[in-house]
Structure formats: C-alpha cells, structure tokens
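In terms of UniProt numbering, the sequence shown has 68 at position 68, counting the first letter as 1, and numbering is strictly consecutive.
Presented below is the structure to which this report refers.
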Amino acid sequence: GQVKVFRALYTFEPRTPDELYFEEGDIIYISDMSDTNWWKGTCKGRTGLIPSNYVAEQAESIDNPLHEAAKRGMFGVLFVFCCILILLLFPLTPQNKLGDTALHAAAWKGYADIVEMLLEKGARTDLKNNEKKLALDMATNAACASLLKKKQSAG
Numbered sequence: 001g002q003v004k005v006f007r008a009l010y011t012f013e014p015r016t017p018d019e020l021y022f023e024e025g026d027i028i029y030i031s032d033m034s035d036t037n038w039w040k041g042t043c044k045g046r047t048g049l050i051p052s053n054y055v056a057e058q059a060e061s062i063d064n065p066l067h068e069a070a071k072r073g074m075f076g077v078l079f080v081f082c083c084i085l086i087l088l089l090f091p092l093t094p095q096n097k098l099g100d101t102a103l104h105a106a107a108w109k110g111y112a113d114i115v116e117m118l119l120e121k122g123a124r125t126d127l128k129n130n131e132k133k134l135a136l137d138m139a140t141n142a143a144c145a146s147l148l149k150k151k152q153s154a155g
C-alpha cells in the first residue's frame, strides 16, 4: 500500500487504546484511509487511528523522507529501505550455502512486499535450494504464495 504524509492541525488526545496521540504540527504517515472519518496513521514510531479532520487536507511533500523517518524514530522503515537497497545492488539469483536465494528468504519470512519487489526486478522462481525446494515451497503465508504462483503461471 501507499503511505501519505500529513501534518496535524490540532493536538489529539485518544479516548480508546487503538487511537493515536499526536500534537499540532506533528508529521503523520497515513497507511489506511478506507474509513472517511478514522484513518490508520503512524507518528513518532506509534501506530493507531486518527480522526481525519485533525490533519491537513492535502498530502505534504517531504524532501528527504529517509532523513525525516530517522528523525521521527521510524527505524523499521529505514531497515526495510536498507534491505531493499542491498538486494538491488547485488544480483538476484546468487544462492547461499543452503541454496536459498533472496526470493526464498523473503517467501520464508512472509515478506510479500519484498517478494513482489524481487519478482518485479526479475528474480527467478525456478531455482531450487539444496532441499530441492522452490521459493513457492517455502512461502509461509498466502500473500507470498499467491505472488509466486501468479509469476510462475505467467511464465
């Protein structure tokens, strides 16, 4: 999914545990806008529901999103970015001593977004590891398995 960036117009005091506290001027990363009144957002490393009328109407552009993420304590975002960058710098098909590729590892860990990115970049789905398993055989969730099946059936 896509994440949009908004700035808080007001301070919000949560009334329930699933709501997110934030202060006027805070940057909030919105990941789910399916409900028009309550959005899922992340601020200062915490995630919860926010009232949609408490944030600026238009998404704000951030010039240095990784720097902003680091300042806001969003180290998970930085870790995923670094992992993706490393994967993109090296060939997609090398196998480790177990015979696993990056695609095997992502499928086994259940990282559907990483599986999708690897497939888009041309990762091979036909490589078997030392146990004669394809990445599809190692998928631990339906999302990863679905992406791999779709790619294999497409050729």
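Glycine included, each C-beta is placed from N, C-alpha and C at the ideal position.
Please read these numbers as outputs of a predicted model, since none were measured by experiment.
Close beta carbons around residue i, own chain, < 7 Å, minus the five adjacent residues each side
i, result
"Leu147", "Ala112, Val115, Glu116, Leu119"
"Glu131", "none"
"Cys144", "Ala107, Gly110, Ala112, Val115"
"Asp18", "Gly48, Leu49"
"His104", "Asn129, Ala135, Met138"
"Tyr10", "Glu24, Tyr54"
CA nearest to the CA of residue i, picked from the options
i, options, result
"Pro14", "Phe22, Thr101, Asp100", "Phe22"
"Leu20", "Ile27, Thr101, Phe12", "Phe12"
"Ala123", "Thr16, Ala143, Gln152", "Gln152"
"residue 223", "Thr16, Glu24, Asn96", "The requested residue 223 does not occur in the structure, where the chain is confined to residues 1 to 155."
"Asp32", "Phe6, Glu24, Gln95, Asn96", "Phe6"
"Lys121", "Ala8, Leu85, Leu9", "Leu85"
"Ala8", "Phe79, Thr42, Asp35, Gln95", "Thr42"
Proximal residues to residue i (C-beta, below 8 Å), its chain only, five neighbours per side dropped
i, result
"Asn141", "Gly110, Ala112"
"Lys128", "Gly99, Leu134"
"Leu136", "Ala107, Thr125, Ala145, Leu148, Lys149, Gln152"
Status (buried if at least 16 other CB within 10 Å, exposed otherwise) for residue i
i, result
"Cys82", "exposed"
"Thr125", "buried"
"Lys149", "exposed"
"Gly45", "exposed"
"Ala154", "exposed"
Residue i and residue j closer than 9 Å at C-beta
i, j, result
"Val55", "Trp38", "no"
"Ile50", "Ile27", "no"
"Ala102", "Ala139", "no"
Cβ-heavy atom distance, residue i to the ligand NAD, below 8 Å
i, result
"Thr42", "By its list of ligands, the structure shown contains no ligand whatsoever, and the ligand NAD lies outside what it can speak to."
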